[in-house]
Amino acid sequence: MSREKDDFLRIGDALKKLRKRAGLSQIDLASGICDRTTITHLENGKFKLPSIVLINKICQKLNLTLDEFLMFAFGGFVDHLWIRRNEIDSLIKKGRV
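Numbering-wise (the numbering used here), the sequence shown opens with residue 14 and increments by one.
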């Protein structure tokens, strides 16, 4: 497998995990950004070279910075730290902490 294809698959896998952890369907995530098939193609590594604008809008909807998303996708062992931080931020915003 080429490195480029591997990178697309990593991005797609990260997107799918983060979307599910946020409790969003593909339709929910796509709403106001793109169509559901774009999200499907991104998650399956079939979307070649998504624009930074698209990825940034998706990150905003997931309450992540672009850096956090990329760290999750490519950072390996630090994935859980970003998720826990976002869970804590979410609880704070909801007034539960």
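By construction, the Cβ of each residue, glycine as well, lies at the ideal position given by its N, Cα and C atoms.
Item, Value
"Mapping the DSSP letters down to three states, classify A86 as helix, strand or coil.", "helix"
"Identify whether K33 lies in helix, strand or coil by the three-state DSSP scheme.", "helix"
"When you compare only the Cα positions, how much space is there between G25 and G108?", "32 Å"
"If I follow the unbroken alpha helix (DSSP H) through N69, where does it start and stop?", "65-74"
"Taking all protein chains shown into account, do 16 or more other C-beta atoms lie within 10 angstroms of the C-beta of I71, making it buried, or fewer, making it exposed?", "buried"
"What number of angstroms, rounded off, separates the C-alpha of L37 from the C-alpha of F21?", "21 Å"
"What first and last residue would you give for the alpha helix (DSSP H) that runs through R49?", "49-56"
"Give every residue of the same chain whose Cβ lies closer than 7 Å to the Cβ of N57, excluding the five residues on either side of it in the sequence, and list them in chain order.", "G25"
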